[in-house]
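Mind the numbering: the sequence shown is residues 1 to 341 in my numbering, read in order.
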Amino acid sequence: MANEFDLIVIGSGPGGYVAAIRAGQLGLATAVVEKDPYYGGTCLHRGCIPTKALLHTAAMLDEIRGSAKIGIAVAAPELDLAKTHAYKDGVVAKNAQGVASLLKKNGVTGLHGTGRLKGLHTVEVERDGETATYEAKHVLIATGSVPRDLPFAPADGRRILNSDHALGLERVPSSLTVLGAGAVGCELASIYASFGSRVTLVEMLPRLLPLEDEEVSAELARAFKKRGIKSLTATRVTAVAAGDSGVSLALEREGGERSELDTELLLVAIGRAPFTAGLGLEYLLARNWSAKIEYNYLDLGTDVLSFNPGPVLIDIDQHLHAVKFGVNYRFDWGGPVVARY
Ligand SMILES: Cc1cc2nc3c(=O)[nH]c(=O)nc-3n(C[C@H](O)[C@H](O)[C@H](O)COP(=O)(O)OP(=O)(O)OC[C@H]3O[C@@H](n4cnc5c(N)ncnc54)[C@H](O)[C@@H]3O)c2cc1C
1 MANEFDLIVI GSGPGGYVAA IRAGQLGLAT AVVEKDPYYG GTCLHRGCIP
51 TKALLHTAAM LDEIRGSAKI GIAVAAPELD LAKTHAYKDG VVAKNAQGVA
101 SLLKKNGVTG LHGTGRLKGL HTVEVERDGE TATYEAKHVL IATGSVPRDL
151 PFAPADGRRI LNSDHALGLE RVPSSLTVLG AGAVGCELAS IYASFGSRVT
201 LVEMLPRLLP LEDEEVSAEL ARAFKKRGIK SLTATRVTAV AAGDSGVSLA
251 LEREGGERSE LDTELLLVAI GRAPFTAGLG LEYLLARNWS AKIEYNYLDL
301 GTDVLSFNPG PVLIDIDQHL HAVKFGVNYR FDWGGPVVAR Y
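Structure (structure tokens):
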């Protein structure tokens, strides 16, 4: 295999694989580096797709439960969680095959292993203790993100879960408290409520889905209430004690009112952290460019953005945007960046 490319993309989530495919279509010799066994990233393996498969099962369950109302008498449905996961995994596998064949069809070389920047044009790929070095005119970092932990109670996969754990639970918990009522928290709360858990949502801000329009939050709050999902908004978790039989939470409402809540499992869905650790981004800093790493995120200075002296290294999402403190840098200037749209 040739070790020289026009573009190496590190990370094969929707940001990375779309960019790699487009680069392939534009005739560039392109490679994509992926540390997971399959292409597709968070969205395909631990995000959008598996949640939608579980939501489908949950919606079917609810429809069947309500079918008598429209004149269809059936026995009470039973959830077979193992089969539900098999269905979900099948959907994911089919889509992963689709991504792999799109990459292949567009001439993109797959490099399996963990990518690390060894220079502005050099990427080292490590797999099972073996390393190989590749050269590229351009490097695009699309390494995505990982679930953010509560600083005082990191996820352990047993009592304190993150979304990765919640997508693969082997049994339905009797009670589940979901911390964080963003899209991920609300989707998983909805799924497990349909599956039979007693679900409580705890949100620090005054409403569910705080980033959406107020009307959407109000509608969701109504729908959740009707389904027995309890929402505690304007409420913070101040302490977490995980034991053998469950988790005890100390809560504090805005205004100072305190309470306690016991739950079998706690799901922490308070957002995601950019994943750039170990990538070798410090190389940029050594070049004295006005770039700095904060919270593991690469912050490019205006000189880099306007002068664009080489490959632009920046973490992107599936819309090819890099978001830092609310500022969107789009890849829409006329430099040598390949992932334009
Ligand atoms: C539960 C959940 C549900 C979601 N639902 C939706 C939804 O319905 N709709 C929606 O639009 N979005 C949804 N999202 C968000 C969506 O998953 C992300 O926005 C999207 O995956 C970001 O794409 P990305 O390419 O930037 O990163 P990712 O998808 O995270 O991909 C990054 C890839 O880089 C790889 N990688 C990282 N470091 C290295 C390295 N050094 N070397 C090699 N490979 C590396 C990782 O293994 C990963 O495969 C959801 C997220 C979650 C968690």
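Backbone N, C-alpha and C fix where the C-beta goes; we use that ideal spot for every residue, glycine too.
Taking Cβ to Cβ, would you say Gly113 is nearer than 7 Å to Glu126?
-> Note that the C-beta distance between Gly113 and Glu126 is below 7 Å.
Tell me where the beta strand (DSSP E) around Ser145 begins and ends.
-> Looking at the DSSP string, the run of the beta strand (DSSP E) that includes Ser145 is 145-147.
Enumerated in chain order, which unbroken segments of the beta strand (DSSP E) with a length of 3 residues or greater are wholly contained in the region 104-155?
-> Taken in chain order, the complete beta strand (DSSP E) segments of 3 residues or longer contained in the region 104-155 are 109-112, 114-119, 122-127, 130-141, 145-147.
Can you tell me the Cβ-Cβ gap for Val268 and Ala93, rounded? I've got them flagged as a contact below 8 Å.
-> Not confirmed; about 27 Å, so no contact.
Helix, strand or coil for Thr233, going by three-state DSSP, please let me know.
-> When secondary structure is reduced to three states using DSSP, Thr233 falls in the coil class, being assigned neither helix nor strand.
Which one of Glu135, Leu201, Ser245 has the shortest CA to CA distance from Leu232?
-> Just measuring C-alpha positions, the residue of Glu135, Leu201, Ser245 sitting nearest Leu232 is Leu201.
Please indicate yes or no: does the CB of Asp262 lie closer than 6 Å to some heavy atom of ligand 1?
-> Asp262 Cβ: outside cutoff for every heavy atom of ligand 1.
Uninterrupted alpha helix (DSSP H) stretches inside the region 170-227 (no shorter than 4 residues) | For the region 170-227, whole alpha helix (DSSP H) runs of length 4 or above, ordered along the chain, are 183-195, 214-226.
Taking DSSP as the reference, what is the three-state secondary structure of Ala273?
-> Under the three-state reduction of DSSP, Ala273 is assigned to strand.
For Ala193, which residues from the same chain have a beta carbon less than 6 Å from its beta carbon, with the 5 sequence-adjacent residues on both sides left out?
-> These residues qualify, in order along the chain: Val199, Arg227, Ile229.
Examine the Cβ distances between the region 255-270 and the region 99-108 and report whether three or more of them are shorter than 8 Å.
-> By the C-beta criterion, the region 255-270 is judged not to be in contact with the region 99-108, since fewer than 3 inter-stretch pairs fall below 8 Å.
Apart from the five residues on each side of it in sequence, which residues of its chain come closer than 6 Å, Cβ to Cβ, to Thr57?
-> Excluding five sequence positions before and after Thr57, the CB atoms of its chain that fall closer than 6 Å to its own CB belong to Thr84, given in chain order.
Starting from the C-beta of Thr238, find all residues in its chain whose C-beta is less than 6 Å away, skip the five residues before and the five after it, and write them out in chain order.
-> Here the set comprises Ala250, Glu252.
Buried or exposed by the 16-neighbour rule on C-beta atoms within 10 Å, applied to Arg65 = So Arg65 counts as exposed.
Inter-residue spacing [alpha-carbon to alpha-carbon] between Leu79 and Glu4 = A direct Cα-Cα distance of roughly 51 Å separates Leu79 from Glu4.
For Cys186, verify whether its CB is less than 6 Å away from any heavy atom of ligand 1.
-> Annotation for Cys186 indicates a beta carbon at 6 Å or more from all heavy atoms of ligand 1.
Three-state secondary structure (DSSP) of Val99 = Val99 falls in the helix class under three-state DSSP.
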